[in-house]
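Heads up: the sequence shown runs through residues 2 to 219, numbered per our numbering.
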Amino acid sequence: MRTLVLIVASILALSRNTLCAAEWKSLFNGKDLTGWKANVYPDSWSVTNGTIRVNASHESSHLFYVGTGDKNSFLRFTNFELEVTTRCDGIANSGVFFHTDYSVKNAKNHLAKGFEVQLNNQARDDRKTGSLYMIKDLDESPVDETKWFRMKIRAQNKHIVISVDNRMVVDYTEPTPARPPQGLPGRKWNPTGGAIALQGHDRTSVYYFKDIRIRELP
Numbered sequence: 002m003r004t005l006v007l008i009v010a011s012i013l014a015l016s017r018n019t020l021c022a023a024e025w026k027s028l029f030n031g032k033d034l035t036g037w038k039a040n041v042y043p044d045s046w047s048v049t050n051g052t053i054r055v056n057a058s059h060e061s062s063h064l065f066y067v068g069t070g071d072k073n074s075f076l077r078f079t080n081f082e083l084e085v086t087t088r089c090d091g092i093a094n095s096g097v098f099f100h101t102d103y104s105v106k107n108a109k110n111h112l113a114k115g116f117e118v119q120l121n122n123q124a125r126d127d128r129k130t131g132s133l134y135m136i137k138d139l140d141e142s143p144v145d146e147t148k149w150f151r152m153k154i155r156a157q158n159k160h161i162v163i164s165v166d167n168r169m170v171v172d173y174t175e176p177t178p179a180r181p182p183q184g185l186p187g188r189k190w191n192p193t194g195g196a197i198a199l200q201g202h203d204r205t206s207v208y209y210f211k212d213i214r215i216r217e218l219p
């Protein structure tokens, strides 16, 4: 009996270790854009006072996390938790993409694949900060975007949870089969994952990002 108990305890311990999330990994060194690459208009992006600053110089630009490997590629993340501290100047629009890639769908360089977590306090757009854009939209921002706030994205096996300053604002599980929004067939879960990317939305929008970190989930 004692041997059986020890075997069961060992199995449980191994299971707990297997299911534990990986350690948090910082994606931004606070000094420069090492590990990041803009798909277009790299002059839209800079580092100021320990933050990534974006103000699109033309049409929209996206900054992809590529790590230390091939700069023509990007790191893929499937199941993960991502945390970003962010704020804007005045009235602005931006976003954080995941499960995406370099594909674009129009002349404004809007990304064709993956999900976008919205950052927005513009009156002309009724999809506000914290929205899972065109999937689960918020019509009111949960924070004052001109002050630093923390956004957390948890994506695991088609289940996506978005929190803003520790308040859950979206809890979404993609159905099977997926039903992406009309006109956005690539806005769906990719079982092989995809890139993390920050958005420079337009010339009038200025956003800042810092304390960007991720940990992968089983």
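Here a beta-carbon is modelled for each residue, glycine too, at the ideal position from N, C-alpha and C.
Whether residue i touches residue j by CB criterion (8 Å)
{"i": "residue 65", "j": "residue 196", "result": "yes"}
{"i": "residue 79", "j": "residue 193", "result": "yes"}
{"i": "residue 111", "j": "residue 118", "result": "no"}
{"i": "residue 57", "j": "residue 45", "result": "yes"}
{"i": "residue 215", "j": "residue 34", "result": "no"}
{"i": "residue 88", "j": "residue 141", "result": "no"}
{"i": "residue 208", "j": "residue 139", "result": "no"}
{"i": "residue 74", "j": "residue 67", "result": "yes"}
{"i": "residue 165", "j": "residue 205", "result": "no"}
{"i": "residue 100", "j": "residue 191", "result": "yes"}
Simplified DSSP state of residue i, which is helix, strand or coil
{"i": "residue 45", "result": "helix"}
{"i": "residue 94", "result": "strand"}
{"i": "residue 169", "result": "strand"}
{"i": "residue 212", "result": "strand"}
{"i": "residue 62", "result": "strand"}
{"i": "residue 39", "result": "strand"}
{"i": "residue 194", "result": "coil"}
{"i": "residue 207", "result": "strand"}
{"i": "residue 105", "result": "strand"}
{"i": "residue 202", "result": "coil"}
{"i": "residue 75", "result": "coil"}
{"i": "residue 8", "result": "Note that residue 8 scores 40 on pLDDT, short of 50, meaning its location in the model is unreliable and no value can be drawn from it."}
{"i": "residue 123", "result": "coil"}
{"i": "residue 68", "result": "coil"}
{"i": "residue 162", "result": "strand"}
{"i": "residue 136", "result": "coil"}
Whole-angstrom distance between residue j and residue i, CA atom to CA atom
{"i": "residue 109", "j": "residue 93", "result": "17 Å"}
{"i": "residue 178", "j": "residue 132", "result": "22 Å"}
{"i": "residue 124", "j": "residue 201", "result": "18 Å"}
{"i": "residue 203", "j": "residue 63", "result": "11 Å"}
{"i": "residue 219", "j": "residue 81", "result": "8 Å"}
{"i": "residue 189", "j": "residue 162", "result": "15 Å"}
{"i": "residue 102", "j": "residue 113", "result": "8 Å"}
{"i": "residue 95", "j": "residue 199", "result": "8 Å"}
{"i": "residue 137", "j": "residue 43", "result": "30 Å"}
{"i": "residue 217", "j": "residue 77", "result": "11 Å"}
{"i": "residue 159", "j": "residue 144", "result": "26 Å"}
{"i": "residue 187", "j": "residue 168", "result": "28 Å"}
{"i": "residue 135", "j": "residue 91", "result": "24 Å"}
{"i": "residue 49", "j": "residue 213", "result": "15 Å"}
{"i": "residue 176", "j": "residue 61", "result": "30 Å"}
{"i": "residue 25", "j": "residue 116", "result": "22 Å"}
Cut-off 8 Å between Cβ atoms - residues of its own chain near residue i, not counting five sequence neighbours on either side
{"i": "residue 51", "result": "31, 32 and 211"}
Other residues of its chain near residue i: CB distance less than 6 Å, five sequence neighbours each side excluded
{"i": "residue 83", "result": "154 and 215"}
{"i": "residue 54", "result": "47 and 209"}
CB contact check: residue i to chain D, cutoff 8 Å
{"i": "residue 62", "result": "Reference to chain D is not applicable here, since this structure consists of a single protein chain."}
ask   = If you pair each beta-carbon of the stretch 37-47 with each one of the stretch 172-191, do three or more pairs fall below 8 Å?
value = Counting Cβ pairs under 8 Å, fewer than three are found: no touch.
task = Spell out a yes or no on whether the stretch 176-194 and the stretch 146-154 are touching, meaning 3 or more CB-CB pairs, one atom from each, closer than 8 Å.
result = Short answer: they don't touch.
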